[in-house]
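Residue numbers (the numbering used here), protein chains in the order written: chain G, 19 to 307; chain U, 19 to 307. To start, the structure under review is shown below, and the notes come after it.
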């Protein structure tokens with residue numbers, strides 16, 4: 019049993035949010051696929067600080083999984099998730115059924131084009147279309163003032179920022195930094211798939227990030243960074259999907275290191291696909307987007 | 019000069035609507051491309067009856083025009099439109115600039131798939147994607163409780179109803195019947211393109227509609243209806259683009275006349291593309307969708 023109010027149906031969530039808005043509340047929203055970890059909780063705690071009502075959603079969204087991906091075995095633990103959310107505390111968890119989110123004949127897609135072409139978009143066709151579609155739906159259902167997204171999924175964050183701007187969603191998107199395990203592995207629900215040996219192999223990703231961070235001052239060109247990271251990642255147990263350096267705003271391949279760049283990594287450790295990234299700014303470069 | 023409040027910027031419109039909602043107003047919205055006629059006004063009058071604040075938008079949306087279509091010569095008369103809207107009266111007209119609706123790097127599309135494949139979707143690729151994208155934007159900017167659309171653009175109406183359901187927009191879509199000239203030509207801003215002679219030729223469309231309506235009881239199959247309409251339309255001055263009978267809900271080709279069907283016509287009169295339609299129900303068939 020949990021003290022958090024669990025809402026299953028979109029209409030009930032809309033009514034809750036209408037009433038909250040009518041009372042003058044500020045709604046902070048954290049969409050998740052559940053199997054929560056400290057990364058998710060850091061978003062919820064920030065929502066708690068910045069909003070008067072905190073809503074989280076737990077929905078393993080089928081439309082963002084490819085036909086050969088891990089939808090059916092994606093880890094789930096609703097009771098455990100509720101216990102963690104109580105510690106924040108979260109006020110409402112929206113946990114809809116797939117058939118209520120995608121009834122028969124659903125046929126509308128929200129698609130962000132340029133930003134989703136490269137990086138993970140290349141190896142996961144349709145993934146970001148599924149993400150932006152479900153987030154647009156959740157935004158209309160939860161009606162938040164603020165929504166929180168982790169920088170671990172940097173391309174997802176940029177796609178959602180772009181969607182919000184392009185479709186005039188009146189919602190402030192709050193990006194939150196990557197949370198890492200004590201050994202620096204970026205937190206992810208998919209880390210649960212790793213065996214103990216794979217878990218050790220997986221540290222090559224965060225080591226590549228750390229190496230690049232330490233040596234960035236001496237880098238002359240994007241290729242130098244790719245080379246550094248690739249060297250750290252080139253070891254048994256790791257199958258690199260990509261190591262790329264892109265403009266941190268447009269996600270187009272970086273041609274210099276003048277503007278802030280993102281180095282992003284995707285690699286398989288056994289059957290598990292992991293990602294990690296870092297934004298790099300030269301001292302003279304603009305500090306923010 | 020007009021007494022209607024004219025809002026140019028999306029942010030100003032959002033603030034207006036937030037304030038109206040906080041006061042407990044019900045916002046009724048009529049999106050248009052301007053050059054208003056009685057069809058538009060019938061929507062605005064219904065909005066006036068059903069809402070406490072009436073917002074209309076005038077925006078000739080570039081993304082719904084094909085490269086060889088009439089974007090640059092689409093008729094415009096903002097002063098005349100305002101005078102007509104004062105007669106309703108409309109409270110606010112949103113008339114944004116194209117660069118504020120589509121800034122550089124805008125790249126997000128809302129697309130309804132199955133419903134937009136046939137009928138006008140075939141001859142106007144990208145058109146409905148432009149419509150659903152701009153309507154999603156306008157919904158987020160105007161934040162209405164109700165929005166009004168004419169059945170003249172029946173496929174557009176169905177696409178928007180589907181988008182609203184699929185993306186969980188909390189907005190009631192109100193369909194309104196076609197308004198016709200005294201001689202039965204369906205009202206359209208594009209009728210302004212017609213010469214006096216073309217105007218006479220164009221009456222074949224509404225005559226085809228009337229003929230089908232009168233003879234529907236005797237029709238056995240969709241092909242009978244197509245034949246009837248095609249016969250009326252086959253005359254000098256008219257170039258038929260399509261005459262189709264489709265399921266009134268799914269817009270898929272009708273295989274029988276059991277369920278309500280839509281007969282839809284698109285034809286060119288000179289360079290001007292005109293459309294018209296009628297929903298047909300056999301006496302034993304369900305009365306509504």
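We put the CB at the ideal spot given by N, CA and C, even for glycine.
- Annotation for residue 222 of chain U: the continuous alpha helix (DSSP H) segment containing it runs 214-233.
- For residue 118 of chain U, the closest alpha carbon among the candidates U:240, U:25 and U:228 is that of U:25.
- Taken through DSSP and simplified to helix, strand or coil, residue 264 of chain U comes out as strand.
- Taking the Cα positions, residue 54 of chain G is about 11 Å away from residue 62 of chain G.
- Within the region 54-118 of chain G, the complete alpha helix (DSSP H) segments at least 4 residues long are 56-68 and 96-104, listed from N- to C-terminus.
- The beta carbon of residue 81 of chain U does not come within 8 Å of any beta carbon belonging to chain G, so the residue lies off that interface.
- Within the same chain, 137, 140, 141, 282, 283 and 284 come within 8 Å of residue 260 of chain G by CB-CB distance, once the 5 residues on both sides are set aside.
- Residues of the same chain with a CB within less than 7 Å of the CB of residue 226 of chain U, apart from the 5 flanking positions on each side, are 247, 250, 251 and 283 in chain order.
- When the beta-carbon positions are compared, residue 96 of chain G and residue 89 of chain G stay at least 8 Å from each other.
- For chain G, the residues of the region 180-196 of chain U that bring a beta carbon within less than 7 Å of one of its beta carbons are 180, 181, 184, 185, 186, 187 and 188, in chain order.
- As the crow flies, the alpha-carbon of residue 300 of chain G is around 7 Å from that of residue 276 of chain G.
- Residues of the region 263-293 of chain G with a C-beta less than 9 Å from any C-beta of chain U: 268, listed in chain order.
- Using a Cβ distance threshold of 8 Å, residue 22 of chain G and residue 110 of chain G count as a contacting pair.
- For residue 124 of chain G, the chain U residues whose Cβ falls inside 7 Å of its Cβ are 184, in order along the chain.
- Taking 8 Å as the cut-off, the Cβ atoms of residue 219 of chain U and residue 255 of chain U count as close.
- DSSP, reduced to helix, strand and coil, places residue 195 of chain U outside both helices and strands of the structure shown, so it counts as coil.
- Inclusion of residue 208 of chain U and residue 290 of chain U in the CB contact set at 8 Å is warranted, their separation being smaller than that value.
- Residue 25 of chain G does not reach chain U, its nearest Cβ partner there being about 14 Å away, counting only Cβ pairs nearer than 9 Å.
- In this structure residue 224 of chain U is not in contact with residue 171 of chain U, their Cβ atoms being roughly 16 Å apart against a cut-off of 8 Å.
- Of all residues in the region 148-161 of chain U, the ones placed with a Cβ closer than 9 Å to any Cβ belonging to chain G are 150, 151, 154, 155, 156, 157, 158, 159 and 161, in chain order.
- When only Cα atoms are considered, residue 201 of chain U and residue 297 of chain U end up about 20 Å apart.
- Residue 155 of chain U and residue 184 of chain U have their alpha carbons spaced roughly 15 Å apart.
- By the criterion of at least three beta-carbon pairs nearer than 8 Å, the region 66-74 of chain G is in contact with the region 40-53 of chain G.
- Using a CB distance below 8 Å, the part of the region 133-149 of chain U facing chain G consists of 133, ordered along the chain.
- Residue 122 of chain G has its alpha-carbon roughly 43 Å from the corresponding atom of residue 104 of chain U.
- With its beta carbon at least 8 Å from every one in chain G, residue 43 of chain U lies outside the interface.
- The beta-carbon separation of residue 189 of chain U and residue 32 of chain U, rounded to 15 Å, does not stay under the 8 Å limit for a contact.
- Judged by their CB atoms, residue 164 of chain U and residue 193 of chain U are not nearer to each other than the 8 Å cut-off.
- Under the three-state reduction of DSSP, residue 21 of chain U is assigned to coil, being neither helix nor strand.
- With respect to the 8 Å criterion, residue 152 of chain U and residue 268 of chain U are not classified as neighbours on the basis of their beta carbons.
- The C-beta of residue 50 of chain U comes no closer than 8 Å to any C-beta of chain G.
- One thing to note: residue 65 of chain U has its Cβ within 8 Å of the Cβ of residue 166 of chain U.
- Annotation: residue 264 of chain U to residue 205 of chain U spans about 23 Å, alpha carbon to alpha carbon.
- Bounds of the alpha helix (DSSP H) holding residue 156 of chain G are 145-160.
- Proximity of chain U to residue 32 of chain G at the Cβ level (cut-off 8 Å) is accounted for by 186 and 188, in chain order.
- Looking from the CA of residue 147 of chain U, the closest CA among U:222, U:60, U:130 and U:230 belongs to U:130.
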